[in-house]
Structure formats: structure tokens, C-alpha cells
Ligand SMILES: Cc1cc2nc3c(=O)[nH]c(=O)nc-3n(C[C@H](O)[C@H](O)[C@H](O)COP(=O)(O)O)c2cc1C
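Numbering (this note's numbering), first residue to last: 818 to 980.
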């Protein structure tokens, strides 16, 4: 099945991570799809942050159709130690995900609090298998040399575990 890279990005870092993952799959002859998650209503950073802290999922512009994809890598920021409303909205909007394999990633400052575990827990509640959860810091993303081994490691796991 075709892999999908689902991403939410406000300032572009998680989009860059999603693009690097897509290119890594492509480099191995695998045509991964990039799917952006966007909220139906665009709100300012402060309101979005408050919603993240309160754990309120965003209503999405479009519910991603994941039927033809597996594995699915999700890239999203961390805000004040919380998952973003878009990430929460994505998981909420998902149908049951038995048989789907997810990898949950965050490009952030490196202060993940309990978010990695929380993201895995939410995905597992939908019946998904979680291949892994991790993060790369914004400075490592921008530093030449740190991003390629990171994306290579993630794609290795995705390929090995869905073969
Ligand atoms: C309001 C705000 C709060 C943030 N809180 C955290 C945090 O708690 N932990 C962390 O590691 N990064 C935190 N960050 C950093 C973001 O996760 C990081 O800049 C991320 O790469 C942004 O993703 P984007 O460029 O794809 O939108 C925060 C950023 C903002 C703007």
C-alpha cells in the first residue's frame, strides 16, 4: 500500500519534515502522498494555543481519506507541552484504524512533555498500531546533516514493519 505523510504546520517546520520524509520514500522508489491537515476556521496563534492547552480538537476543512494508505506518518508541532488542535481533530475525524500503522512525529523545540505518549495513546484508541513516536528539534531540522539520518531511520522502520 502507498504510504501517506499527514502534516500540520503553522510556521513550516513540520511541512519541511513531511517533505523530507516524502523525498526519502521517493528515493527508494515509493510514491508517498503528502496530505496537509488544516482547520476549517483559521484562528490566531494565541487562541490556537489556548485550544491546544484545553485539548480541543479543530474541525478540519476536509477529513483525510486514508483508505488507500499504509503506513501513515503524522508530523505536527508541540505547543506548550500539548498536541495541536489540528492533530487532535485529525485523530478525532479518523474512522477506526485497525490494520493501519502510524508513526507519530513532531518537529519542535525538544520539550515534548507527555505528548509523544499521548499521541500514541490517541492513535491506539482508534485501533491503529503505532510503529513509533519521536521528535526532531527545529535546530536539528535546519542543521545540515541531522535531518537525513532522522528521516532515514523513520522510513526504515515504516518499510520493515509494513513489508
Ligand atoms: C506558542 C508556542 C508554544 C510552543 N511550545 C513548545 C513546547 O512546549 N515544546 C516544544 O518542544 N516546542 C514548542 N514550541 C515550538 C514548536 O513546536 C516548533 O517551533 C515547531 O517546529 C513549529 O512547527 P511548524 O513550524 O510546523 O508550525 C512552541 C511554539 C509556539 C509558537
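Yeah, the Cβ is synthetic: ideal placement off N, Cα and C, and Gly gets one too.
For this session: Use the C-beta contact count for residue 911: other C-beta atoms within 10 angstroms, 16 or more gives buried, fewer gives exposed.
Result: buried
For this session: Alpha carbon to alpha carbon, how far is residue 943 from residue 880? Give it in angstroms, no decimals.
Result: 15 Å
Exercise. Taking the C-alpha atoms as reference points, what is the distance between residue 834 and residue 882?
Worked result: 21 Å
Exercise. Residue range of the alpha helix (DSSP H) that residue 979 falls in?
Worked result: 964 to 979
Exercise. Any idea if residue 868 is buried or exposed, counting beta-carbon neighbours within 10 angstroms, 16 or more meaning buried?
Worked result: buried
For this session: Would you mind reading off the limits of the alpha helix (DSSP H) that contains residue 836?
Result: 830 to 844
For this session: Answer with buried or exposed for residue 903, where buried requires no fewer than 16 other C-beta atoms within 10 angstroms of its C-beta.
Result: buried
Exercise. Do you know offhand how far residue 848's Cα is from residue 877's?
Worked result: 25 Å
Problem set entry | Residue range of the unbroken beta strand (DSSP E) whose run includes residue 950 | 946 to 954
Exercise. Hey, would you say the C-beta of residue 856 is under 7 Å away from at least one heavy atom of ligand 1?
Worked result: no
For this session: Within the same chain, show all residues whose beta-carbon is closer than 6 Å to that of residue 914, passing over the 5 residues directly before and after it, in chain order.
Result: 943, 944, 945
Exercise. Within 10 angstroms of its Cβ, does residue 860 collect 16 or more other Cβ (buried), or is it exposed?
Worked result: exposed
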